[in-house]
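Numbering (our numbering), first residue to last: 550 to 1272.
These notes are about the structure you will find just below.
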Amino acid sequence: MPLESIRKRAAEALAAALEAEFDHRPEEVVLEVPPRRELGDLAWPGALPLARELKRAPRQIAEGVAEKAAWPEEVERVEIAGPGFLNLFLKRDVLLTGILREEHDGGADASGKTIVEHTNINPNKAAHIGHLRNAVLGDILVRCLRHLGHEVEVQDYIDDTGVQVADVVVGFLFLPESELAEALGVEPSRRDELIELAMKRASGEEVPAASTADFDDLCWKIYPRVTARYETEPEFAAHRAEVLHMVEAGHGGLELDTALQLIRGAVVAGDSFSGRAVARLASTVAESNVRCHLATMARLGVAYDLLPHESDILLLGFWRRAFELLQDAGAIRLEEDGKNKGCWVMSLAASPEFADMDDPDKILVRSNGTVTYTGKDIAYQLWKLGLLPDPDGSRHDFGYRAFTRWSQPAPALPVRYGKGSEVLVRTISDLAETMPGRSFGSGRKVYNVIDVRQSYPQKVVKEAVRVLGHPEAADNSVHFAYEMVALTPAAVRLIEERTGSSFGLSEEAMAKAYIDMSGRRGIGVKADEFLDILTAAAGDAVAERADEGSAVDDLPNRARAIAVGALRYLMARQSRNRVLAFDFKEALAFEGDTGPYLQYSAVRAQKIFDKLKVKRGEGRLAPEEIDSLAGAEIGDDLWELVLQCARRREVIGQAVDNLEFSLLAQHVHEMAQLFHSLYHAHPVVPEEDAELRRLRRAVFTLFDREMKVLLEELLGIPVPEEM
RNA sequence: CCGCCUGUAGCUCAGCAGGAUAGAGCAACGGACUUCUAAUCCGUAGGUCAGAGGUUCGAGUCCUCUCAGGCGGACCA
């Protein structure tokens, strides 16, 4: 970016002048962009803090530096303002032509692979809007990192061995048949028929087209019924342990059809269920839910490279190896007595972060010998960082197999699994299987996108990496924490109305500002359902604004694009450590500080060039026209937009450093505002003065190009042809 | 009890290496569609940045305390 380069050279000039004039070597010279353009384009406030040290008036320091410095040629003039700000004014035409000339500014970064883990939805029911926050934040991070030139690998961890999956299976096998029938929306029938009917809805090999009648939606209905029954009927809860046990024993390669036959036989004979058949059912439930989740995320253009499965981590002994390493390092110990008797614990007492805790020990292996989630997570994190070697020094690794291929054209944004290869890979427990040309794990930096409530276990994982002798890797393990998505009382009422059910919340609970979502109790907004509502509302808005009577071209695509834009911007705009109180009214707003506002500005820019082509035979500014802009007078308002366009890299860098995409959102919003304002004040097509027209074309060409990058590439917000 | 987060306009939120006059959107009010599509623009009004101290040339931003709310401190994840 020319602006980056000017900044760097100006800072160097400034530092040199400081040394020459005042014999002072500053640690770092920071040039910021002043709040108002009459104060210049870049500013150095550094004279103020230096005043005391150099025993001179700040203005005097600034003046000395201003005169002495060998400013870059792009600097037109410098001014001293206020108490001692040194303000630089740039040659506007030079910066404009500089940016226009620039093609791609990838700037490859060879610092090693970055792994981003996000989404991580339990494969036991449909995704809800809370999961969307995770996926959208993770996806934007991935896009920003890739834009900055990093090699990025995206992992979506599948917890396929958890009790939640078993709970759904308990529902299929033991809920009253009338409840199953109701969930399926059929007349009551025998259990085996109901199960077969349910499994018919399980998705096959491909990513299905997302709808709200998928297998994950069926599970969404069943799961809360099961957990509710656990509480009211203690004997029902016994089924949970029974099924979990069967799932853990594995299905040994049993086919689903065979499993269903076995289940049918058991139902007819009144026998107990075959363990392998039940395990097969569970694995199908998990896998089918994963495909449904992929379909949901694909609607938003979210893609992944690898699906690590918890079952493979267990089967391949990742934990066993991590356990050995922890033992060798003396990081864990077996408790001989006390309340943790029989458990393997990791002491956190040595770490200042945990020093004030009542009990600074974290249990990694329970007294019954099973590993806690945190334990498994330590093993997984070590693998992600390339720090899980086998005794012979080779890397402890997974087997890999293609999981699914992306082929649907429907989503608003392109979906590219596997960094463009369109093949999404999953881990498997057979080490003999590999994916030629692809290797996974061993990241130099790892981001774990997980909600803020997981801060404690995340710190424990990080600490484990540290005590194993990898302090640098621990520092490179970043918990990207974000606050929860909750529902406003109005949203809860609307869901109750739509589903014709009541969550049984007290008046007191409903009087709060927001209500927590609860998967267990089934309080929440399904992602697909919300996307459907949003898309329908966007479609209505498109139709409403269209000329009366005329048919709207390509309405479904436009509606999809606007819905995705609205949602993704909503998620990006709010800072991550604030609870997002989800309100339908606000989420469905398409005017003001919203995604569609940004999309509209990009569409408007496109439209200028469409019209220009028809009316004057001109288009976007061509490369050979750039030179003719030299010496052009660029007014303050146009200049403001040019300068904003030039700041992209600075803003992305800041957003990534702080993991705060509200900065990026605000940047884009400001640009769109500037553009909309210029749109009225600086018409292009009707302008008769050729030179003026060319300048406006130049600025809008820049904006048009910039918005495509900011919206489509970085925020994942599609720019439709028309609104 | 300890730790982390939050408190900014009536409402929802920006303001992230301390900087120049605290910004948007919604809601309210007044204007602009024969236009490059008004999902827009222009304008008016709205603020002791929870409170009190402190550091600093300068504090919404850093430090301390207080108040209010949220989340953690599980052999749950």
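Think of the CB as a built atom: it goes at the ideal place given N, C-alpha and C, for glycine as much as any other residue.
Predicted model only: the values in this text are computed from it and were never measured.
As far as DSSP is concerned, R650 takes part in no beta bridge. By the 16-neighbour rule on beta-carbons within 10 angstroms, Y929 is buried. Apart from the 5 residues on each side of it in sequence, Q1007 sits with its Cβ closer than 6 Å to the Cβ of H1028 in its chain, given in chain order. For K1156, the uninterrupted alpha helix (DSSP H) run begins and ends at G1144 to R1165, by DSSP. Contact check for F1052 against E1045 passes: the beta carbons are separated by less than 8 Å. Approximately 7 Å separates the beta-carbon atoms of D766 and K1075; this is inside 8 Å, confirming the contact. Distance from the Cα of A1062 is smallest, within the candidate group D877, L1036 and V1268, for L1036. The beta carbon of D642 sits closer than 7 Å to those of L1178, A1179, G1180, A1181 and I1183, all from its chain and outside the five residues before and after it, given in chain order.
In this structure, the CA atom of T976 is about 11 Å from the CA atom of G990.
Note on R1242: 16 or more other CB atoms within 10 angstroms of its CB, so buried under the neighbour-count rule.
Residue environment analysis places D820 among the exposed positions, since fewer than 16 neighbouring C-beta atoms fall within 10 angstroms of its C-beta. Beyond the five residues adjoining it in sequence on each side, A1247 comes within less than 6 Å, by CB distance, of L1170 and L1178 in the same chain, given in chain order.
Between R829 and A798, the C-beta spacing is not below 8 Å. With the rule of 3 Cβ pairs closer than 8 Å, the stretch 901 to 917 counts as touching the stretch 883 to 891.
Residues of the same chain with a CB within less than 6 Å of the CB of T776, apart from the 5 flanking positions on each side, are R1069 in chain order. Here R626 is not near D1185, since their CB atoms are 8 Å or more apart. With a contact defined as Cβ atoms closer than 8 Å, L937 and F952 miss out at about 22 Å. One thing to note: M1066 has its Cβ no nearer than 8 Å to the Cβ of L686. The alpha helix (DSSP H) runs lying completely inside the stretch 834 to 867 and spanning 4 residues or more are 859 to 864, given in chain order. Given a length threshold of 3 residues, each whole run of the beta strand (DSSP E) inside the stretch 562 to 595 is given here in chain order: 591 to 593. Listed in chain order, the non-local C-beta contacts of D926 below 6 Å within the same chain comprise V1010, local neighbours out to five positions each way being set aside.
Within the stretch 1000 to 1048, the runs of beta strand (DSSP E) at least 3 residues long that lie entirely inside it are, in chain order, 1026 to 1031 and 1034 to 1036. Contact between D716 and R789 holds, with the beta-carbon distance rounding to 7 Å and staying under 8 Å.
In this structure the stretch 732 to 745 does not lie against the stretch 1081 to 1096, because fewer than three pairs of beta carbons, one per stretch, are closer than 8 Å. When A1030, E1135 and P1232 are compared, the shortest CA-CA separation from A1039 is found for E1135. Residues of the same chain with a CB within less than 6 Å of the CB of L875, apart from the 5 flanking positions on each side, are I881 in chain order. With a threshold of 16 other beta carbon atoms within 10 Å, T663 meets it and is buried. Counting along the chain, the unbroken beta strand (DSSP E) around D910 starts and ends at D910 to V914. In this structure, the alpha-carbon of S1150 lies about 47 Å from that of R774. Distances from the CA of D1142 to each of D1077, Q1215 and A1085 were compared; the closest alpha carbon is that of Q1215.
By the 16-neighbour rule on beta-carbons within 10 angstroms, S752 is buried. Inter-residue distance for Q1003 and P757 is about 31 Å (C-alpha atoms, whole angstroms).
Beta-bridge annotation (DSSP): T663 is paired with V701 and K994. Nearest C-alpha to L805 among S832, V817, E623 and G814: S832. Between A899 and G1018, the gap from beta carbon to beta carbon reaches 8 Å or more.
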